[in-house]
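When the letters of the sequence shown are read in order and numbered with this note's numbering, they come out as residues 1 to 356.
Backbone N, C-alpha and C define an ideal beta-carbon position, used for all residues, glycine too.
Here the structure is a predicted model, which means the values were calculated and not measured.
Below is one structure, written out as structure tokens; the observations come after it.
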Amino acid sequence: SVDFGIHLTTATIKRTSALQVRMDKVARTTSVCLARGDFEYASRLGSSAQCARRGGGTARLHLGPTVSGRGQRGRVVMTRASKDEGDAADADDEPVQLTGDWREFRNKLVAQSQAESALADTEVDEGELESRVELERKARVQAASSENMEVLKQQLPNLAENLPWAHSIAMPEKGCLLLANAYMFMGNQQYFNQAVILIIEHNETGSMGIILNRPTGYTMGQVTDQSGPFAENRVYFGGDVGEGAVSLIHGQSNVENSLEIRPGLYLGGMDSAKALVEAGEAQPEEFKFFARYAGWGPGQLQSEVERDVWYVAASAKELVLKPVIQLPKPLWREILELMGGEYAETARNVFNEGLQ
């Protein structure tokens with residue numbers, strides 16, 4: 001099976017600042033090598049990676065799901081290697097578990113690589129680089145998400161506490177987003193036009209996702225003809241497959257009988273979710289309901305990505321969990337602008353706000 005995770009590796013530690021990007025068209029992986037200060041990173045985005053630190057430390061990441069969909073949750077393992085560079089790096093490793101979503105770590109690597117690329121001909125120290133990364137991140141969020149963040153502060157303030165982020169990735173993976181190509185689905189399947197789809201399963205048997213930005217005019221109370229804590233929750237159109245299927249997406253780790261899509265993002269657990277809301281431990285607005293879903297057969301989604309039907313992105317989970325109702329800026333446009341570069345320019349051009 002093909003490993004869709006990350007293992008950061010370095011053979012030597014050097015005080016250099018370098019960036020190398022390589023696209024492997026066969027495996028559809030992106031390799032990004034970073035070197036900054038005492039750190040040198042080589043990350044194979046969507047494949048495997050390790051990172052090493054001067055002073056006798058090696059951080060190995062095994063970053064989850066395989067193409068079979070049976071990969072373990074991404075984790076970071078720090079190990080201490082011998083101080084003697086002549087010794088084997090893993091001679092006396094002592095693993096130390098570090099918690100966190102590996103996607104957040106990958107996002108930091110991408111941001112650093114972009115900053116280093118922009119500063120390729122400029123000498124900067126580690127502090128200046130980190131400052132540049134943070135300034136660019138805040139500027140991008142301000143331009144892409146400021147209006148929507150103000151709305152989110154009123155709807156779900158806890159989701160507005162963290163700055164959103166998104167960047168492109170080479171291939172689909174469980175928990176990623178698909179954004180419809182700007183010039184696709186203008187005739188047939190118009191419900192996919194400018195659609196943002198969360199991939200909730202991706203393996204050798206096919207892929208499954210739900211459209212995030214198609215709210216309907218119906219509530220759960222109208223659809224299920226039931227009263228209860230979710231009666232006023234809006235129902236979203238999730239796709240064109242699965243007549244009668246309703247999916248529940250949320251960020252509550254304490255909901256029983258739910259499945260983890262990625263850390264902080266869960267599917268299902270209706271009875272437990274209802275009990276939490278009734279007990280006052282969660283708000284109804286923290287749960288999103290989707291009628292039907294989108295589906296792809298074996299290899300179909302990869303083929304569509306290769307034909308540029310979809311842009312593939314990793315993103316902050318808050319972009320998935322927030323309500324997509326009364327947004328000043330459409331979610332499709334917001335995420336493309338957060339991705340930056342040609343994606344942001346495409347979004348602006350579609351809305352007739354291209355750079356002059």
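- Out of Gly269, Gln154, Tyr343, Pro263, the CA that lies nearest to the CA of Gly100 is found in Pro263.
- With a cutoff of 8 Å on beta-carbon distance, Asn148 and Leu327 are scored as near each other.
- Sixteen is the threshold: when 16 or more other Cβ atoms of the shown chains lie within 10 Å of the Cβ of Ser145, as they do, the residue is buried.
- Put simply, the backbone Cα of Leu178 is about 13 Å away from that of Ser303.
- Boundaries for Phe105: no beta strand (DSSP E) harbours it, while the alpha helix (DSSP H) harbouring it runs 102-118, taken from the DSSP string.
- Per DSSP, Arg234 lies in no alpha helix (DSSP H) segment; the continuous beta strand (DSSP E) that holds it begins and ends at 234-237.
- In terms of Cα proximity to Val324, the closest of Trp165, Leu156, Gly221, Gly269 is Leu156.
- DSSP places Arg262 in the uninterrupted beta strand (DSSP E) bounded by 259-262.
- Contact fails between the stretch 282-295 and the stretch 128-145, because fewer than three Cβ pairs, one in each stretch, are under 8 Å apart.
- Around the beta carbon of Glu334, 16 or more other beta carbons sit within 10 angstroms, so the residue counts as buried.
- For Met208, there is no enclosing alpha helix (DSSP H); the residue is part of the beta strand (DSSP E) that begins and ends at 206-211.
- Residues Leu179 of the same chain have their beta carbon placed closer than 6 Å to that of Tyr311, with the five preceding and five following residues left out of the count.
- The criterion of a C-beta distance shorter than 8 Å is satisfied by Tyr293 and Ala245.
- If you draw a 10 Å sphere on the C-beta of Pro164, you find 16 or more other C-beta atoms in it, and that means buried.
- Taking C-alpha positions only, Ser253 is separated from Leu259 by approximately 9 Å.
- Apart from sequence neighbours up to five positions away, the residues of its chain that approach Glu278 with a beta-carbon distance below 7 Å are Pro229, ordered along the chain.
- Between Glu318 and Leu152, the alpha-carbon positions lie close to 10 Å from each other.
- Exposed is the label assigned to Gln222, since fewer than 16 other Cβ atoms lie within 10 Å of its Cβ.
- DSSP places Glu256 outside both helix and strand once states are collapsed to three, so it counts as coil.
- CA-to-CA, the gap between Lys329 and Gly299 works out to about 33 Å.
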